[in-house]
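For the sequence shown, this note's numbering begins at 5 and goes up steadily by one. Even glycine gets a Cβ: it sits at the ideal position worked out from N, Cα and C.
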Amino acid sequence: MADPERIDRYEIRDVLGKGAMGSVYRAFDPKLHREVALKVVTADLARETKARERFQREARAIAALKHTNIVEIYDYSGEESEYLYLVMEKLDGDDLFNIMNAKGVLPEPAAAAVGHELCLALQLAHDAGIIHRDLKPENVFLNGVGRVVLTDFGVVKAIREDAAVDGWAQKTDVIGTPGFMAPELMMNRSLGPRTDLFALGALLYNITTGELPFDGASPVEMFRAAVAGKYTDPRKYNRLLSDEFCEVLDGCLQAKPKKRFRSAEQVRETLKGVLEANGVSDLRDDLRDFMRDSVAYNRMARRRATSYLLQRIKVAVKDKEEALANKMRERLLIVDPENDELQQISGFVMTDSGHISVPSETPSRPQTLTGSAARWLYLAAGGLTGVTVILAGYLMLRPKSKAPADSPPTLEAGETPADEARPEVPVAAAKAATLEISIKGGSGLVWIDNKRVGKITQKGVKVEAGKHVIEVRGKGKRLKKLVQVKEGETLEVTADLKKGKFAGD
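Listed below in structure tokens is the structure:
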């Protein structure tokens, strides 16, 4: 059916999005003379009692949760209206799913800033006796001034009798998005604030790695992995993630609710430590800079993290905290493996194994650990001439550090190596074949043999002749197909996200 030109007093200007549940329009309110977002439920659903109850619950939930990090509601349809709709503020920016597709995964400080703001929104909802139940990148907006906004309260659930919405004692359907659903939600058990915290952990994992924590070829396999609490270490996909950030993910993604963080406020306080460790002084400014130029932001974030780590090492050496100094050094070698300032810090010795050893007040000889050939050699004591000679010798003889051969490629904000370039698949010249992959019915990302290729639309991808697994992921969709391509052959594959299958299947 054609889109309406007017719904009650609202003039329809454009379509912002469509889905199985309905459409979202950019509309104009002539009475208040402002643009609004109009969320309209399909005619079939509007006739269903359960759908109308859910819609009314969403309207009341948003109205009860007045907060800068929650979308604002202006109005909703009355009983006399032909349509069932919500009138909300029209948000600038885009949702995190589309931002990831355009800019690449978010660097740790930007992701921690997003998580911090979402915790403020979730804590307000939880204090009002409401859980969101469908936290995912598609339901979180980020605009050009760094504002994070939680949207789509269509499946909210009351968790207390005095909640801002009704239905707390009613049994509800299992609703949510696979990959972001807590085990208790999938098993239709008792829900609470920690159900949202699980989804928050999955969201932060996803926006920093481009992957889901609990992988599987089907929702059933994802469910089993989530119940077992077996998620893939996020540093497999992004080596730049710190221990502190990964601990936040772990505290959210525990299978049993009692083992997760107690509240959104506790997660927020922990994320504040992550932001501090990344040198973030104003998280809104950080998010604004990321949206303006993600590549420049990523370079700045690395420089800032390097400066912070060097300062922490100096303090640890001064306080003779050898374990902390080595922990900071290991982190520094990930963030800035070619850093030349480390050996200029006085008061420590680089051991044969490449670790920092802090000498006692009056050492008779430097304390060292046994190991392989010395990587760095620097003595704090001694004359200036001796130091110069040692440093000169070190700079001439030191091999450039490089990542281990089996280290996965690091995903960085603003870089889209997988989106714009061919996948790094070794192809023997005599066995070369080509895959031409296209996506229709929505936007998505492509993987070949578990290697991220990115947004590919009819681009020739060189692969070895033989069998290959093609995977396409879009909003709420995940398609897999096993194909076989012969030597010299060009095989065309089309994924239809709207129909949820590959062409020809």
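Assigned secondary structure, residue i (DSSP; H/G/I helix, E/B strand, else coil)
{"i": "Arg17", "result": "strand"}
{"i": "Glu493", "result": "coil"}
{"i": "Gly119", "result": "helix"}
{"i": "Arg477", "result": "strand"}
{"i": "His71", "result": "coil"}
{"i": "Val319", "result": "helix"}
{"i": "Val278", "result": "helix"}
{"i": "Tyr312", "result": "helix"}
{"i": "Leu399", "result": "Caution is warranted here: a pLDDT of 41 is assigned to Leu399, below 50, making its placement in the model unreliable, and the coordinate value is therefore given only provisionally. Helix, per DSSP."}
{"i": "Asp48", "result": "helix"}
{"i": "Arg264", "result": "coil"}
{"i": "Leu139", "result": "coil"}
{"i": "Val450", "result": "strand"}
Residue(s) in a DSSP beta bridge with residue i
{"i": "Asp500", "result": "Lys444, Lys505"}
{"i": "Val144", "result": "Leu154"}
{"i": "Arg10", "result": "Glu15"}
{"i": "Gly254", "result": "The amino acid at residue 254 is misidentified as Gly; the sequence shows Asp. Note: Asp254 sits in no beta bridge, so no partner."}
{"i": "Leu439", "result": "Val465, Leu495"}
{"i": "Ile134", "result": "Ala162"}
{"i": "Leu128", "result": "Answer by DSSP bridge pairing: none, since Leu128 is not bridged."}
{"i": "Gln488", "result": "Lys471"}
{"i": "Arg482", "result": "Arg477"}
N-terminal and C-terminal residue of the beta strand (DSSP E) that residue i is part of
{"i": "Ile77", "result": "77-80"}
{"i": "Phe27", "result": "The sequence shown places Ser at residue 27, rather than the Phe named in the question. Element bounds for Ser27: 26-33."}
{"i": "Val44", "result": "38-45"}
{"i": "Leu4", "result": "Since the displayed the chain opens at 5 and closes at 509, residue 4 lies outside it and no answer follows."}
{"i": "Val457", "result": "455-458"}
Start-to-end residues for the alpha helix (DSSP H) that takes in residue i
{"i": "Arg58", "result": "53-68"}
{"i": "Phe291", "result": "Reading off the sequence, residue 291 comes out as Leu, not Phe. 287-296 is the span of the alpha helix (DSSP H), which, as asked, contains Leu291."}
{"i": "Val339", "result": "326-339"}
{"i": "Ile103", "result": "100-107"}
Sequence-distant residues of the same chain with beta carbon closer than 6 Å to residue i, five excluded per side
{"i": "Gly445", "result": "Asp500, Leu501, Lys502"}
{"i": "Gly205", "result": "Leu253, Cys256, Leu257"}
{"i": "Val159", "result": "Arg137, Asp138, Ile179"}
{"i": "Asp96", "result": "Asn147"}
{"i": "Arg272", "result": "His120, Cys123"}
{"i": "Val44", "result": "Gly26, Ser27, Tyr87, Tyr89"}
{"i": "Met190", "result": "Phe227"}
{"i": "Asp340", "result": "Thr310"}
{"i": "Arg198", "result": "Pro261, Arg264"}
{"i": "Ala116", "result": "Leu275, Val278, Leu279"}
Cutoff 8 Å; reference residue i; Cβ partners in own chain excluding five residues on either side
{"i": "Ala114", "result": "Asp290, Leu291, Phe294, Tyr301, Ala305, Ala417"}
{"i": "Arg296", "result": "Gly148"}
{"i": "Glu440", "result": "Gln462, Lys463, Gly464, Val465, Thr494, Leu495, Glu496, Val497"}
{"i": "Lys490", "result": "Ala437, Ala469"}
{"i": "Arg17", "result": "Tyr29, Arg30, Ala31, Phe32, Glu39"}
{"i": "His71", "result": "Leu124, Ala125, Leu128"}
Contacting residues, own chain, Cβ-Cβ under 7 Å from residue i (five flanking each side not counted)
{"i": "Thr420", "result": "With a pLDDT of 42 at Thr420, under the threshold of 50, the predicted position of this residue should be treated as unreliable, though the coordinate-derived value follows. Counting only Cβ-Cβ distances below 7 Å, and skipping sequence neighbours, we find Gly108, Gly458."}
{"i": "Asn343", "result": "Thr310, Leu336"}
{"i": "Ala67", "result": "Ile77"}
{"i": "Lys35", "result": "Arg13"}
{"i": "Phe202", "result": "Ala186, Cys256, Leu257, Arg264"}
{"i": "Gly233", "result": "Gln258, Ala259"}
{"i": "Val231", "result": "Pro187, Ala259"}
{"i": "Phe157", "result": "Glu62, Ala65, Ile66, His136"}
{"i": "Leu20", "result": "Val28, Tyr29, Arg30, Ala41"}
{"i": "Pro8", "result": "Ile16"}
Cβ of residue i within 8 Å of any chain C Cβ
{"i": "Lys263", "result": "Considering every chain present, this structure includes no chain C. It has just one protein chain."}
Inset, instruction - Counting only runs of 4+ residues fully inside the stretch 178-249, write out the alpha helix (DSSP H) ranges in chain order. - result: 187-190, 197-213, 223-232
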